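Numbering (our numbering), first residue to last: 554 to 656. For each residue, glycine too, the CB sits at the ideal point set by N, CA and C. Since this is a predicted model, take the numbers as computed values, not measurements.
(1) Nearest-angstrom Cα distance between residue 632 and residue 626?
(2) Could you check the C-alpha separation between residue 571 and residue 592 for me, to the nearest Å?
(3) Restricting to runs no shorter than 3 residues, where is the beta strand (DSSP E) found entirely within the region 558 to 624?
(4) With respect to the alpha helix (DSSP H) encompassing residue 633, which residues constitute its N-terminal and C-terminal limits?
What follows is the structure in structure tokens.
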């Protein structure tokens, strides 16, 4: 009878251990599935933004191809000025001071 009790306790211990491991594994599977969904959504959003950007570029190219702007060169300092302006906008957005947008 003692052998039976000993084996029964071992069985119960291993059974509890297996149940705990299964619970952890199921939690991991759920976490992985959620992480995959988040990653997929993020990639889809990036692809949509890229597609939208490309479509915008194409529209601009088509609209400007027959205008006087297409035949004139851009002054070399214009790109520097535009870059500085965009940096001011970014720093203003980071600081949260809306009065700087009016400059």
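Here's the rundown:
(1) Cα-Cα distance, rounded: 12 angstroms.
(2) Put simply, the backbone Cα of residue 571 is about 31 angstroms away from that of residue 592.
(3) The qualifying runs do not exist here; there are none.
(4) Segment 629 to 648, the alpha helix (DSSP H) holding residue 633.
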